[in-house]
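These notes concern the structure reproduced below.
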Amino acid sequence: MPETLPQYLLQHAQTTPEATALRERNYGIWQALTWREYLDHVKFFSLGLHSLGLVPEETIAIIGDNRPEWVISELAAQAVGAKSIGIYQDAVVKEMVYIFNHADVSFVVVEDQEQVDKLLEMWDDLKGIRKVIYYDPKGLRNYTEDYLLYFPDVEEMGRKFDEENPGWWEARVALGKESDLAILSTTSGTTGNPKLAMLTHKNLLSMGDNLMSIDPIAPGDEFVSFLPLAWIGEQMMSLGCGLQIGFTINFPEEPETVQHDIREIGPQAMFSPPRIWENLISQVQVKIEDSTKLKQSMYQRALKIGYEMADIRFRKETPTFVQKLKYFWADWAVFQEIKDQLGLRHLDRAYTGGAALGPDVFRFFHALGVNLKQIYGSTETSGISVVHRDGDVKFQTVGTPIPETEIKIDESGEILVSSPAVMIGYYKNEEATKETLVDGWLQTGDAGYFDDDGHLIVIDRAKDVMTLHDGTKFSPQFIENKLKFSPYVKEAVVFGGDWPFVTAMLNIDFANVGKWAENNHLTYTTYTDLAQKSEVYELVRVRVEEANVDLPPAARIRRFVLLHKELDADDAELTRTRKVRRNVVAQRYDDIVSALYSQSPHLDVETVITYQDGRTATLQTRLRIEDMGIKE
Amino acid sequence: MQRDFRHTLNSSHLKPGDLQLKADHVKLGFGGVTALYDVSLSIRQSEIFAIIGPNGAGKTSLLNCISGLYHPQQGSITYYTGKAEHEITRLKPYQIASLGIARSFQNIELFRHMTVLENLMAGAHVHMKTSLLSSMIYWGKAQREQIAFRRFVEDIIDLLEIQAIRDQPVGSLAYGLQKRVELGRALAMKPAILLLDEPMAGMNAEEKEDMARFVLDVNEEHGVTIVLIEHDMGVIMDISDRIAVLNFGQKIGDGTPDEVRQNEAVIKAYLGEDQSTAPMKMIEL
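Chains A and B, in that order, give the protein sequences. Its first residue numbered 1, the first sequence is counted upward by one per residue in the working numbering. Its first residue numbered 1001, the second sequence is counted upward by one per residue in the working numbering.
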């Protein structure tokens, strides 16, 4: 029984050497790697690293798009007893330097010139990095730094080593134990420097095994790996599950072609954060608005039938024959086509996780017949610890714990998790480890409770849960998700905990509102200009009114503002996985927050923006503050 | 996991630094207007050669003379391929193109209703050898040739990072992308010399930066000689190996960016008579 990820690789290469392990779209066509080829790349790169001096327990860092080389590098390091850490390519220099130094990285594998340039720029601040290995050589021809190496050259070194020491690598892989560290994974901490969760092979594999035992994906099934491999969700699917089961991992051509490539593959399983699902809905809504009257009415009719069917299933009732027949029509006439366009046609199940997904989004996908399920988990639990079971989906909940996972709620209402997938601690951070792991229970920092059916309900981050003025506890995320269901609202930050009523700061979706403006003959220049148009305020106001209808009176939004700039991860307003950092936003825009709670109809703001080349400019804008006219 | 280029985009047989194109006392006029007076210059293999000058200085006219759209009344233009020496002064544009001189235009000249891929394939068809009939049957040699062209064109798509728009009609693309596709189509001819007429006109800073990087990649990775007209002095000074300055149809200076910056006549043409602050401004330019 294999104990480590590289051991699983060896097993697949022995049992099904000619089956397709990886596929990458390159030069416009899908290029496959068999398990045997996959193994050879891992083996030779691994031996190459070994002959360059990589020793067990060292760390290699990997930065790049989702490509075969990414996972090959990871497995190569693990094969010789080292570990890997994935770094988001869009991480800012300061953050990268911190991770490199804090994680004692000795080798870095990067994709291309862009990342090499970034590394050269920070080289003087880095300690301990011995080699930088790149795999896309374009533009790097004339670089002379002696620590730069080309990926195939390292593989060649490995090949030589293997000729001189046949069998050495296989013996080394066999030494691997399940308790060995496999990866360090950065947590998208909402404050300060990221913490690095230490995850063992056992952690990743037990998580994968337990998930696959309830939601099996078969060898030969397709999965598209398009979210950053530095993210635990992608590690879990592509390695924890994928390598264990042996299904095919597909890598898109470029980040911009993901949608197209998913459609070509038609995967059986998908795992994405809410952002992706929300985007898909926006796309559908916008395209329908652009289509003919006939199509629009067909769509509306079908969607109504779909919602009806989804609700029947949520209530676990059996649909009548007529209902089934109607749904059959809706599916045949409309849903199949939509799913085909989105690449969801062959999907057996889809997961959403990383943050809460609005109930409306859930209902929508289930109306279409997409088996979308909420998961709950974290980097510290190697991905998933709670998931909806097929046929037992309730959109208010995140489902029930996967096998071998225990969940309890402590007196303060915090969710605690215990399972073999829980990390062994934070790398070089005793203090945080002690706070987070108490007697084997992971303190998640999330507030939640179990409902009568044993489903876990996650309210929000414990520190984000707000107490409304009438004393009820409420999750700002819930309101935000309601607002974000509109294709015109991209980001929403709701305030209310320490204040007399609830207000919202919104980002319009530039593409969709822009298109709407175009269709309505509204001219605009910039994002700021568009956001401050009174017509746009009207448009958004209607959506806020719709959201308010479903909310208890105390949680209704009384005033809102359309922000003059998009919240951005580069400004630390969002995490890299696009979760709002509420405290950062509240601090940075404290003048806007106070204006939301004043009587004034507008506010003049001045912002300093930093361009990518480092220049700064000051922007002056008058922000309108919309009052919904709700009285006590 | 092929990542490197599989084809060279350069069809020249010269060594870097060899004389590749020589314009000798070129004179061009339209009726009473003289566009170029006695312009001479020499372009060497694998350099980035910029032509600058105020509006109406004759930059595009000079490029048109090289690519055969205009024929100068006097003087000659000679092109060296390494194997032969061609006098191209009187040749037709298509003849010059088939010798390996490709160009892009100031106003985009693409097939708007065709996709990006089709436009690039059309560029590559200069080198197509099968007959019309066998192409229509699309079997045997014609098929193999088409597949080989597609592979070649995919290298260009990869270089210019336009994978995501491969199948989109060119007319629906943003301006900056259309410019990029036009560069791609010129490259699809596998040029020995690439003439670019204001490849960055009308672009924002980020698009310009991208385009400059692509031009550098074509030059550094493939050694293609580039002749460039551009108004953005920052870009010109950054990427050019040598610069020629035209004013009212005359060449008033040439040399490396540093030499041109110091050239009195150039400073005067660009900034008028008041020269007290001129050198400073030129550096800023």
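Here a beta-carbon is modelled for each residue, glycine too, at the ideal position from N, C-alpha and C.
Query	Result
Sufficient close CB pairs (3 or more, under 8 Å) joining the segment 574-587 of chain A to the segment 478-496 of chain A	yes
Contact residues within the segment 127-154 of chain A, judged by C-beta distance below 7 Å to chain B	Tyr135, Asp136, Pro137, Lys138, Gly139, Arg141, Asn142
Inside the segment 249-333 of chain A only - beta strand (DSSP E) runs reaching at least 3 residues	269-272
Rounded straight-line distance, which links the Cα of B/Asp1155 to that of B/Gln1163	10 Å
Three CB pairs or more closer than 8 Å across the segment 157-172 of chain A and the segment 47-57 of chain A	yes
Buried or exposed (CB count within 10 angstroms, at least 16 for buried), A/Arg622	exposed
Exposure of B/Glu1109, with buried meaning 16 or more beta-carbon neighbours within 10 Å	exposed
Interface flag, B/Met1001 vs chain A, CB-CB below 8 Å	yes
Closer than 8 Å to chain A by CB, B/Ala1122	no
Near-chain E residues of the segment 250-265 of chain A (beta-carbon distance less than 7 Å), N- to C-terminal order	You won't find chain E in this structure, because its protein chains are A and B.
Proximity to B/Glu1221 [Cα-Cα], best of B/Asp1018, B/Ala1023, B/Ile1048, B/Ser1131	B/Ile1048
Where B/Met1203 falls, given that 16 or more other Cβ within 10 Å makes a residue buried	buried
Backbone secondary structure at B/Val1266 - three-state DSSP	helix
Those runs of the beta strand (DSSP E) which lie wholly inside the segment 438-494 of chain A and span at least 3 residues	441-450, 456-461
Simplified DSSP state of A/Met198, which is helix, strand or coil	strand
A/Ser385 vs A/Ala421 beta-carbon contact at 8 Å	yes
Buried or exposed by the 16-neighbour rule on C-beta atoms within 10 Å, applied to B/Gly1234	exposed
8 Å Cβ cutoff, A/Tyr299 in contact with chain B	no
Distance between B/Ile1229 and B/Gln1095 (C-alpha atoms, nearest Å)	23 Å
Rounded C-alpha distance that separates A/Gln587 from A/Leu596	14 Å
A/Val224 beta carbon less than 8 Å from that of A/Asp180	no
In chain order, each beta strand (DSSP E) run of at least 3 residues that lies wholly inside the segment 1077-1151 of chain B	1085-1087, 1101-1104
Residues within the segment 1157-1169 of chain B neighbouring chain A, beta-carbon criterion of under 9 Å	Ile1157, Asp1158, Leu1159, Glu1161, Gln1163, Ala1164, Ile1165, Arg1166, Asp1167
B/Met1189 and B/Ala1097 closer than 8 Å at C-beta	yes
Contact check, A/Glu414 vs A/Asp446, beta carbons under 8 Å	yes
Residue-chain proximity (B/Glu944, chain A), Cβ-Cβ < 8 Å	Chain B is shown from 1001 up to 1285; residue 944 of chain B falls before or after that span and cannot be answered.
When B/Ala1265, B/Ala1205, B/Ser1076, B/His1125 are compared against A/Arg615, the one with the closest alpha-carbon	B/Ala1205
C-beta atoms of A/Met122 and A/Val92 nearer than 8 Å	no
Coarse secondary structure for A/Glu606, derived from DSSP in three states	strand
Proximal residues of chain B, C-beta to C-beta of A/Pro68 below 9 Å	Met1001
Burial state of B/Asp1103 (16 or more Cβ within 10 Å)	Per the sequence shown, residue 1103 of chain B should be read as Arg rather than Asp. B/Arg1103 is buried by the Cβ-count criterion.
Contacting residues, own chain, Cβ-Cβ under 8 Å from A/Glu566 (five flanking each side not counted)	Lys490, Glu491, Asn507, Phe510, Tyr527
Three-state secondary structure (DSSP) of A/Arg130	coil
DSSP three-state assignment for A/Val544, whether helix, strand or coil	helix
Identified DSSP bridge partners for A/Asp392	A/Arg389
Interface residues of the segment 1201-1224 of chain B facing chain A [CB-CB below 9 Å]	Ala1205, Glu1206, Glu1209, Arg1213, Leu1216, Asp1217, Glu1220, Glu1221
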